[in-house]
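Structure record follows, encoded as structure tokens.
Numbering (UniProt numbering), first residue to last: 1 to 146.
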């Protein structure tokens with residue numbers, strides 16, 4: 001009879017453990033569902049209110065930042081004879097490049113424009129890309145570099 005009683009106690013303990021595990025699993029599932037509902041609800045509220053954005057708003061249109069066609073020896077900027085820090089390719093003659101006036105770093109326009117739409121700062125030094133006023137950027141002169 002002792003073995004039967006031992007088996008009975010072991011079966012009861014296993015059943016209690018299984019019941020506890022099932023209860024904890026249900027509580028965990030409930031927490032996950034509640035958290036998911038909260039996150040989705042918050043995202044929907046932001047979408048409806050129009051406050052959800054893709055990155056920071058641009059400080060000024062990219063068209064106002066100076067562009068030039070790369071020419072060996074006559075390009076503006078501090079490191080214009082090197083390579084684009086975004087794609088790591090050397091500048092070639094005739095490449096359309098964009099110069100950030102505040103820090104004077106140059107990049108391929110096709111490389112830096114998507115970056116500037118997401119984060120309006122220089123990819124190298126993090127200086128604000130539009131740190132000059134709109135009129136200064138529009139009337140930017142390359143004469144001081146030639």
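Glycine included, C-beta positions come from ideal geometry on N, C-alpha and C.
Counting other Cβ atoms within 10 Å of its Cβ, residue 105 reaches 16 or more and is therefore classed as buried. Secondary structure in the UniProt domain "RING-type" (84 to 126): the alpha helix (DSSP H) runs of 4 residues or longer, each lying completely within the stretch, are 109 to 118 in chain order. For residue 69, the secondary structure class from DSSP, reduced to helix, strand or coil, is strand. Rounded to the nearest whole angstrom, the CA to CA distance from residue 86 to residue 122 is 10 Å.
According to DSSP, residue 128 shares a beta bridge with 121. The criterion of a C-beta distance shorter than 8 Å is not satisfied by residue 125 and residue 107.
A distance below 7 Å between beta-carbons, with the five flanking residues on each side excluded, links residue 109 to the following residues of its chain, in chain order: 67, 96, 97 and 98.
Of the candidates 70, 65, 90 and 88, the residue whose Cα lies closest to the Cα of residue 102 is 65. In the three-state reduction of the DSSP assignment, residue 82 falls in the coil class, being assigned neither a helical nor a strand state. Cβ-Cβ separation between residue 44 and residue 116: approximately 30 Å, too far for a contact (criterion under 8 Å).
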